[in-house]
Amino acid sequence: MNFDLTPEQDQLRDAVRALGRRYGHSYFVEKAKTGGHTSELWSEAGRLGYLGVNIPTEYGGGGGGITELALVCEELAAAGCPLLLLVVSPAIAATVINKHGTDEQRKRHLPGLADGTQKIVFAITEPEAGSNFHRLGTVARRDGDDWLLSGRKCYISGVDEAQYVLVVARTEDASTGKLKPALFIVPTDAPGLTRSKLDMEILSPENQFLLYLDDVRLPADALVGESLDAGLPALFAGLNPERITVAAMGAGTGRYAIERASEYTATRKVWGGRSIGSHQGVAHPLAHAAVQVELARLMIHKAATLYDAGRDLEAGISGNMAKYAAGEAAALAVDTAVQALGGAGMTTEYGVATLLGAVRAGRIAPVSREMILNFVAQHVLGQDKSY
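The numbering used here numbers the first residue of the sequence shown as 6 and each following residue consecutively.
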C-alpha cells in the first residue's frame with residue numbers, strides 16, 4: 006500500500022497548483038459575477054497539457070489516468086478555481102470516446118479535448134427521469150442512414166461554451182423491440198437543438214441549461230461506437246470518472262476554505278492579544294473539517310487507483326463513497342470557514358461564502374447522497390434494493 010505520488014504526479018500537482026494560484030479565486034468570482042467564462046485559465050491549462058492528462062499520447066494527451074485528472078481538478082479547486090467542465094469534458098466525454106468510440110471519433114475529438122480547443126458536455130438528466138436512464142424520454146430513431154433525436158434534458162452544464170454535447174438517448178433494439186441506451190455526439194449548433202438558460206443560485210462561471218431536441222438529424226457516425234451494443238458500457242464508462250473528479254473538486258474546495266479560514270484565525274486578535282484560532286471553540290471545528298477533507302482525499306485516491314487498474318466494480322463502490330465523503334466534507338469546510346470568519350466570512354473579499362451554493366449542490370449532483378447510500382446499502386451491505 007503506497008500513499009505517495011510518483012515524481013511525475015508530484016510535478017503535475019505542483020505545476021497545476023502554481024497555475025491555479027496565478028489566477029485565484031478573485032478571477033473565478035469576477036468571471037461568475039459578470040457572466041463571463043474562465044476561458045483564459047482553460048486555454049492555458051490546455052496548452053500546458055493539464056486538460057489531457059488522461060488522454061492517450063497518440064491523441065496529444067499525457068497518457069495518464071483518472072488519478073492524474075483528479076489531481077488537476079483538486080489543485081485548481083484548492084486555488085479557488087473549481088472548474089466543472091473538467092468533469093464533463095476530459096473526465097466523462099474523453100473517457101467515453103476513448104474507450105468506446107470509433108477510431109474516427111477518437112481522431113476527430115480527442116486531440117481537441119486534450120489541448121482544450123474542443124469541449125464536449127454531457128446530457129443525461131431529464132425533467133421527469135432525473136438520472137434514471139431506465140426512464141429516459143429522449144428517443145433516437147432511424148431515418149434511412151441518419152438518426153433523429155427528440156426529447157428534453159435539464160441541468161446541462163456549459164452548453165454555451167461547448168462545440169458538442171454527448172447526449173444519452175434510448176433507441177429500439179431491432180432484435181428484441183426493447184429500448185436500450187445509446188450515446189450520440191451532437192453539435193451544439195445542430196438544427197432542432199435549442200437551449201434555455203436556467204437561473205441558478207450558485208456562483209459559477211459555468212451555466213446550466215434546459216435542452217430541447219426536436220427531430221435533431223444526425224449522421225450515422227454520430228452514434229458512439231460501432232453499434233448500439235456500445236451504448237450501455239459507454240454510459241457506465243463515464244460514471245466512475247465523473248464521481249471521482251467531482252469528489253476531487255470538492256476536496257480541493259474544502260482545502261481552499263480551510264486554508265482561508267486558518268490564515269484569518271491565526272492572525273485575527275480580539276481578546277487579550279491572542280489569536281482567535283488559539284481558542285478551541287474556533288480551532289476544533291476547523292480541525293474537524295480538515296480531518297473530514299483528508300479522509301475524503303484518501304478515498305478519492307483509492308477510487309482513482311482502482312479505476313486506473315481496470316477494477317471497475319471496486320472503483321464504482323469507492324468512487325461513490327469518495328463522492329459522498331467529499332460532498333459532505335466540502336460543505337462542512339466552507340460552512341465552518343464562514344463561521345470562523347464571522348461577518349467577514351459573508352463578504353466577497355474573503356472568498357468563502359462565494360462557494361456556499363456550489364458545495365451545497367455537491368451533495369446533490371451528479372448523484373445525490375441518498376442514492377449513494379442506497380448503492381452502498383445494496384452493494385456493500387447486501388440489503389434489498391429500496392427503489
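Just so you know, even glycine gets a beta-carbon here, dropped at the ideal spot from N, CA and C.
- The count of Cβ pairs closer than 8 Å, one atom from the region 264-275 and one from the region 345-357, reaches three, so the stretches are in contact.
- Listed in chain order, the non-local C-beta contacts of residue 42 below 7 Å within the same chain comprise 36, 166, 210, local neighbours out to five positions each way being set aside.
- Counted as a single uninterrupted DSSP element, the stretch harbouring residue 124 is not any beta strand (DSSP E), since DSSP gives it neither H nor E.
- Secondary structure note for residue 328: its alpha helix (DSSP H) is the uninterrupted segment 317-346.
- Secondary-structure assignment with DSSP links residue 191 through a beta bridge to 170.
- Between residue 73 and residue 17, the gap from beta carbon to beta carbon is short of 8 Å.
- Going by C-alpha positions, residue 175 is about 9 Å away from residue 146.
- Annotation for residue 241: no beta strand (DSSP E) segment contains it, though the alpha helix (DSSP H) segment containing it runs 236-272.
- For residue 177, the beta-bridge partners assigned by DSSP are 184.
- In the assembly as shown, residue 87 is a buried residue. Its beta-carbon has 16 or more other beta-carbons within 10 Å.
- The DSSP-derived three-state label of residue 352 is coil.
- In the DSSP assignment, residue 214 forms a beta bridge with 161, 202.
- Taking 8 Å as the upper bound for CB-CB distance, residue 71 and residue 312 are in contact here, some 5 Å apart.
- In this structure, the beta-carbon distance from residue 151 to residue 218 does not fall below 8 Å.
- Out of 57, 62, 186, the CA that lies nearest to the CA of residue 123 is found in 57.
- Contact check between the region 302-312 and the region 327-343: three or more CB pairs, one atom from each, fall below 8 Å, which counts as touching.
- Residue 34 and residue 40 have their C-alpha atoms roughly 10 Å apart.
- Under DSSP, no beta-bridge partner is assigned to residue 47.
- With a cutoff of 8 Å on beta-carbon distance, residue 143 and residue 101 are scored as not near each other.
- The DSSP-derived three-state label of residue 219 is strand.
- Rounded to the nearest whole angstrom, the C-alpha separation of residue 233 and residue 131 is 21 Å.
- Of the residues 249, 68, 214, 184, the one whose Cα lies closest to the Cα of residue 158 is 214.
- Secondary structure at residue 88: coil, using DSSP grouped into helix, strand and coil.
- With three or more CB-CB distances shorter than 8 Å, the region 95-113 counts as touching the region 231-246.
- Annotated as distal: residue 92 and residue 55, with beta-carbon spacing of 8 Å or more.
- In the DSSP annotation of this structure, the continuous segment of the alpha helix (DSSP H) that includes residue 108 starts and ends at 108-120.
- Distance from the CA atom of residue 352 to the CA atom of residue 288, rounded to whole angstroms, is 21 Å.
- Contact annotation: residue 362 and residue 208 have beta-carbon atoms nearer than 8 Å.
- In this model, residue 192 and residue 226 are separated by some 12 Å (Cα to Cα).
- DSSP places residue 148 inside the beta strand (DSSP E), whose first and last residues are 144-148.
- One Cα belongs to residue 45, the other to residue 25, and the distance between them is close to 11 Å.
- About 5 Å separates the CB atoms of residue 82 and residue 254; that is less than 8 Å, so the two are in contact.
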